[in-house]
Amino acid sequence: MSKATAPSLFRDLQQLYKTLLYVLVVAMLLSFLLVQFSVIKPVLDLPTDRMLQVVAVLYCFAAVFAGLQLFRRKLEQIRANEQSPREKLAQYRAASLLQWWLMESAAIFSTICYVLTGNWAFLALAFTLLVLFGGLNPFKQKVMIQLRLSDQDVAGI
Numbered sequence: 069m070s071k072a073t074a075p076s077l078f079r080d081l082q083q084l085y086k087t088l089l090y091v092l093v094v095a096m097l098l099s100f101l102l103v104q105f106s107v108i109k110p111v112l113d114l115p116t117d118r119m120l121q122v123v124a125v126l127y128c129f130a131a132v133f134a135g136l137q138l139f140r141r142k143l144e145q146i147r148a149n150e151q152s153p154r155e156k157l158a159q160y161r162a163a164s165l166l167q168w169w170l171m172e173s174a175a176i177f178s179t180i181c182y183v184l185t186g187n188w189a190f191l192a193l194a195f196t197l198l199v200l201f202g203g204l205n206p207f208k209q210k211v212m213i214q215l216r217l218s219d220q221d222v223a224g225i
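In my numbering, the protein residues as written are 69 to 225.
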């Protein structure tokens with residue numbers, strides 16, 4: 069079994085990120101079209117809609133906050149440990165996945181709430197999460213800065 073090279077490690081991380089981003093965009097677009105063209109009729113009443121608004125906002129806030137905190141703590145641990153750049157990248161990937169999945173799940177939940185209620189606030193919340201998710205793009209220089217890796221470290225992988 070051959071080990072992946074540094075460019076492929078970064079490329080794989082970028083590809084995973086883009087896949088999650090595109091899934092979210094497609095889910096939001098599809099739900100918008102289904103509701104707007106009345107393929108799916110909202111089924112929940114106003115009191116349930118109000119309750120879901122509170123739940124969705126709390127869930128989204130908790131997911132973003134927890135994701136950022138967990139990622140930050142894991143990043144500090146990765147920096148503090150004396151490991152090879154390959155091991156640091158593997159741990160970075162795991163930390164990123166956790167953060168991305170938390171944010172993705174909150175956005176999908178908001179999108180589902182939009183389909184169930186037809187309330188635009190849920191779609192706006194999902195779009196806000198999409199924008200935040202867009203800022204998490206793991207391009208090579210960003211990852212190298214976050215992990216404090218030099219070009220020589222990456223070249224040695």
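Note that the Cβ used here is the ideal one computed from N, Cα and C, for glycine as well.
TODO: Quick one: residues in its chain with C-beta nearer than 6 Å to the C-beta of Ser178, no 5 flanking neighbours on either side, listed in chain order?
DONE: Locating residue 178 in the sequence shown gives position 110, counting from the first residue. Taken in chain order, the residues that qualify are Ala124, Phe190, Leu193 and Ala194.
- [ ] Consult DSSP for Ser99 and reduce its assignment to one of helix, strand or coil.
- [x] Locating residue 99 in the sequence shown gives position 31, counting from the first residue. Helix.
- [ ] Just mark Ser218 as buried or exposed, buried being the case when its beta carbon has 16 or more other beta carbons within 10 Å.
- [x] Position 150 of the sequence shown holds residue 218. When all chains shown are included, Ser218 counts as exposed.
Open item on the list: Taking the beta carbon of Met69 as the centre, do at least 16 other beta carbons fall within 10 Å, making it buried, or is it exposed?
Closed with: In the sequence shown, counting from the first residue as 1, residue 69 sits at position 1. With a pLDDT of only 39 at Met69, under 50, the local geometry of the prediction cannot be trusted, and no value is derived from it.
Open item on the list: I want to know whether the stretch 87-96 touches the stretch 137-154 - three or more CB-CB distances under 8 Å.
Closed with: Contact fails: fewer than three Cβ-Cβ distances are below 8 Å.
TODO: Indicate the three-state DSSP secondary structure (helix, strand or coil) for Tyr85 in the structure shown.
DONE: The residue you call residue 85 lines up with position 17 of the sequence shown. The three-state reading of DSSP puts Tyr85 in helix, counting H, G and I together.
Task: Distance between Ser99 and Cys181 (C-alpha atoms, nearest Å) - done: As a first step, residue 181 is located in the sequence shown; it is residue number 113 there, counting from the start. As a first step, residue 99 is located in the sequence shown; it is residue number 31 there, counting from the start. Take the alpha-carbon of Cys181 and the one of Ser99: they are about 10 Å apart.
Open item on the list: For Ile108, tell me which candidate among Val132, Leu97, Val183 and Met96 has the shortest Cα-Cα distance.
Closed with: For the purposes of this step, residue 108 is taken as the residue at position 40 of the sequence shown. Among Val132, Leu97, Val183 and Met96, the Cα nearest to that of Ile108 belongs to Val183.
- [ ] Select from Arg154, Leu204, Leu101 and Gln104 the residue whose C-alpha is nearest the C-alpha of Leu166.
- [x] In the sequence shown, residue 166 corresponds to position 98, counting from 1. Taking only the C-alpha atoms, the option nearest Leu166 is Leu204.
- [ ] Please name the residue in Phe201, Ala175, Leu143 and Ala158 whose C-alpha comes closest to that of Ile213.
- [x] One-based indexing of the sequence shown puts residue 213 at position 145. Checked all of Phe201, Ala175, Leu143 and Ala158; the closest Cα to Ile213 is Leu143.
Open item on the list: Can you list, in chain order, the residues of its chain with a C-beta nearer than 7 Å to that of Gly186? Leave out the 5 residues immediately preceding and following it.
Closed with: Locating residue 186 in the sequence shown gives position 118, counting from the first residue. Correct list, in chain order: Val103 and Pro110.
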